[in-house]
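Novice: Pasting a structure below so you can have a look.
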């Protein structure tokens with residue numbers, strides 16, 4: 010059996026790196042993906058899904074060094090279900106509302122934001138310069 014998930018989104022906060030007792034680097038990323046559409050009555054709707062991503066080893070160190078809150082990334086990896094429920098991790102926020110996030114282990118992280126500029130406009134400017 011095989012599972013693979015690909016997401017593209019923005020970091021909701023700066024990466025957090027730590028080391029396991031065995032000395033292995035692990036970086037936690039909080040990534041928001043969203044989609045927008047127009048409802049049946051013409052109203053604009055938006056849905057945001059949060060992913061908690063763990064990157065390991067050299068990739069963890071690279072993510073920690075180059076990514077910041079607001080960075081756009083593509084992550085390829087596998088979902089890690091909550092052992093208790095088999096689904097996303099759920100909790101209640103301060104107001105009592107039920108929240109959920111999907112846990113993911115990264116196999117590949119691609120940086121989509123320019124480090125200095127960090128915006129989609131910067132990426133579009135660079136794409137406009139490509140002659141083909």
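Numbering (the numbering used here), first residue to last: 10 to 141. Ideal Cβ placement from N, Cα and C applies to all residues, glycine included.
1. According to DSSP, which residues form a beta bridge with residue 12?
2. Distance, Cα to Cα, residue 65 vs residue 13?
3. Identify which residue in 10, 16 and 11 has its Cα closest to the Cα of residue 117.
4. Residue 83: which of 109, 94 and 114 sits nearest, CA to CA?
5. Find the nearest neighbour of residue 10 within the set 87, 39 and 108, judged by alpha-carbon distance.
6. Check residue 52 in the structure and name its three-state DSSP category.
7. Are the segment 28 to 43 and the segment 52 to 67 in contact at 8 Å, needing three or more beta carbon pairs?
Specialist: Per the coordinate set shown:
1. None, per the DSSP bridge assignment.
2. 17 Å
3. 16
4. 114
5. 87
6. coil
7. yes
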